[in-house]
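Undergrad:
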Amino acid sequence: MTVLRDILVPLSLLRDPATFGGRTEGDCLRGDLTVKGGRAMGLTPVAPSQTPRILMPALVEAHCHLDKCHSIDRMKGIGGDLSAAIAAQTTDKQHWTADDLRHRMTRGLRELAAAGCALTRSHIDWGTEPAPPLAWSVLQEAATGFPDMTVQMAALTSISQLADREFCFAVASHIARHRAGVLGAFVLHHDQSDVNDGLAHVFAAADRFGLALDFHVDEGLGPYNGLEAICDAALASRFEGPILCGHAVSLIEHDTKTRDRIIDKLLRANISVCALPTTNLYLQGRRYGTPRQRGLTCLRELDAAGVPIVIASDNVADAFCPVGQHDPRAALHLACLAAHLDPPMGDWLPAITLNAARALGQDPVHMDTTPISQLRLCTAASTAELLATRNPLLPLHHFEKASTP
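The numbering of the sequence shown is this note's numbering, which starts it at 41 and goes up by one.
(1) For Gly-61, collect the residues of the same chain with a Cβ closer than 8 Å to its Cβ; drop the 5 residues on either side in sequence, then sort them by chain order.
(2) Between Cys-104 and His-366, which are expected to be in contact by the criterion C-beta below 8 Å, what is the C-beta distance as a whole number of angstroms?
(3) Kindly give me the distance between the Cβ atoms of Met-115 and Ala-102, rounded to whole angstroms, as I take these residues to be in contact under 8 Å.
(4) Contact check, Ile-94 vs Leu-73 under 8 Å by CB: the rounded distance?
(5) Could you work out which residue in Val-257, Ser-233, Ala-225, Leu-417 is closest to Ala-245 when comparing CA atoms only?
(6) Measure the alpha-carbon distance for His-135 versus Ala-58 and round it to whole angstroms.
(7) With distances taken Cα to Cα, identify the nearest neighbour of His-294 among Gly-250, Leu-284, Glu-341, Arg-326.
(8) For a minimum of 3 consecutive residues, which ranges assigned as the beta strand (DSSP E) are wholly contained in the region 180-213?
(9) Between the beta-carbon of Ala-352 and the beta-carbon of Ala-378, is there less than 8 Å?
(10) For a test of the three-state rule: what should DSSP assign to Asp-132, helix, strand or coil?
(11) Within the continuous beta strand (DSSP E) that includes Gly-286, where are the two ends?
(12) Please state the DSSP three-state secondary structure of Ala-397.
(13) Could you give the distance in angstroms between the alpha-carbon of Asp-358 and the alpha-carbon of Ser-123?
(14) Can you confirm whether the region 195-212 touches the region 157-175 when touching is taken to mean that 3 or more C-beta pairs between the two stretches lie within less than 8 Å?
(15) Can you list, in chain order, the residues of its chain whose CB lies under 6 Å from that of Ala-175, leaving out five sequence neighbours each side?
(16) By alpha-carbon positions, which one of Asp-113, Thr-160, Ala-125 ends up nearest to Thr-393?
(17) For Gly-258, which of Leu-291, Arg-278, Gly-281, Phe-279 has the nearest alpha-carbon?
(18) May I have a chain-ordered list of the beta strand (DSSP E) segments no shorter than 3 residues that lie completely inside the region 49-130?
(19) Looking at the strands, I want to know which residues DSSP matches up with Phe-255.
(20) Just mark Thr-318 as buried or exposed, buried being the case when its beta carbon has 16 or more other beta carbons within 10 Å.
(21) Name, in chain order, the residues that DSSP records as bridge partners for Arg-161.
(22) Three-state secondary structure (DSSP) at Arg-416?
(23) Per DSSP, what are the beta-bridge partners of Pro-411 in this structure?
(24) Let me know if Thr-330 comes out buried or exposed under the rule of 16 or more other beta-carbons within 10 Å of its beta-carbon.
(25) Among Arg-299, Leu-284, Arg-301, whose alpha-carbon lies nearest the alpha-carbon of Cys-314?
(26) Would you list, in sequence order, the uninterrupted alpha helix (DSSP H) runs of no fewer than 4 residues that lie entirely inside the region 322-366?
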């Protein structure tokens, strides 16, 4: 039996806080943690020290683009809306050799590991052929160098392409050969006439091959409503796999009646929504100089209604975001400012842990039901400090050995 001295455990990350012991301190339980058989057994109340540490699950990066990351330095004239970013990144693909992709992807994976991530989903631009692009195989190779991280790969394909049923099922068949493959599509604008056919094929193919689904949707401030179309397709197909919808920025532009109708459908379809504040704040609202609107989905309204919200890093140093970090804590920190996510800050930690894992089709890592090897310690004295600083989230073996009675 091992005892970890003076530990803070966020209440939001426990399955059953009432039976875990310790004493309540703000949004955490506090005490000495007993570890037995490789699992956290509970907390014993003790006199507090001046140096408590937070124990929490490893982070989940639910949405990033490792094929694009760290390419900004070879582009010129970057800065503009989504269309400008797509055009610039498309031009940059002339440089996407195996060596280039491997170098940049490995750098991104190192950054994710350093941030405390154990589960990551990267989108990969698929292209116009049914067969996987070069980046797909290169990321599979690069991920083998990170055995402590599960790396999922989501095909990023236009919904218009997937309106071709033969193409859709061929792509899905290729994806299904990779145990962590995910079928994805972008549904961005109201002028995509093939949306309904494409969505019907996507859900049918995902059901046929047992794939999770991930959508880029309504990535802009404007009269778009691809999100509701996805809800309708999910409900019509009775799809039972995990569905994650990223961006959903235009939800903030709808009137209350429309927004509430969409939120109700999200709940009935069991869809999670992922906010991506760095990229959306940078690209959206470019209408009047300094933006007057926030390029962000309705995080507070979704959360209040019970829709599982997820927050992720998205683009890092590419045409879509010239800065950014591969760090879900940094993304949540920015979301707290942009969306007015108020204290207690521990209430929002599921967006980068429990909710994010479920959205990616994985079992959530609750503190009181999981091996201690899947947990991380941080030298932060509160959940607010956890998000405000970048104190490392490290496996327990990085710390000094605790006393053993």
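Beta carbons: idealized from backbone N, C-alpha and C, even for Gly.
In this text, all values refer to a predicted model and were calculated from it rather than measured experimentally.
TA: Reading from the atomic positions:
(1) Only Leu-69, Gly-71, Gly-82, Leu-83, Thr-84, Pro-85 meet the Cβ criterion.
(2) Confirmed, Cβ separation roughly 6 Å.
(3) The pair is not a contact, with the Cβ atoms about 26 Å apart (cut-off 8 Å).
(4) Incorrect: roughly 11 Å between the Cβ atoms, too far for contact.
(5) The candidate whose alpha carbon is nearest that of Ala-245 is Ala-225.
(6) CA-CA distance, His-135 to Ala-58, rounds to 55 Å.
(7) Residue Glu-341 is the option with its Cα nearest to His-294.
(8) Those beta strand (DSSP E) runs which fall completely within the region 180-213 and span 3+ residues are 190-196.
(9) No; because the gap between Cβ atoms is not below 8 Å, this pair is not in contact.
(10) In the structure shown, the three-state DSSP call for Asp-132 is helix.
(11) First-last of the beta strand (DSSP E) with Gly-286: 283-287.
(12) Correct three-state label for Ala-397: helix.
(13) Rounded to whole angstroms, the gap between the alpha carbons of Asp-358 and Ser-123 is 14 Å.
(14) Contact holds: three or more Cβ-Cβ distances are below 8 Å.
(15) Closer than 6 Å at Cβ, skipping near neighbours: Asp-107, Leu-141, Ile-164.
(16) Measuring from the Cα of Thr-393, the nearest candidate turns out to be Thr-160.
(17) What sits at residue 258 in the sequence shown is Asp, not Gly. Cα-wise, what sits closest to Asp-258 is Leu-291.
(18) Taken in chain order, the complete beta strand (DSSP E) segments of 3 residues or longer contained in the region 49-130 are 63-65, 68-76, 79-84, 93-97, 99-104.
(19) In the DSSP output, where bridge partners are listed per residue, Phe-255 has Ala-225, Cys-285.
(20) Burial check for Thr-318: the Cβ neighbour count within 10 Å reaches 16 or more, so the residue is buried.
(21) Gln-192, per the DSSP bridge assignment.
(22) DSSP places Arg-416 in strand when its eight states are reduced to three.
(23) Within the DSSP secondary-structure output, Pro-411 pairs in a beta bridge with Arg-79.
(24) Label assigned to Thr-330: exposed.
(25) The shortest CA-to-CA distance from Cys-314 to any of Arg-299, Leu-284, Arg-301 is the one to Leu-284.
(26) Runs of the alpha helix (DSSP H) lying entirely within the region 322-366 and spanning at least 4 residues, in chain order: 339-345.
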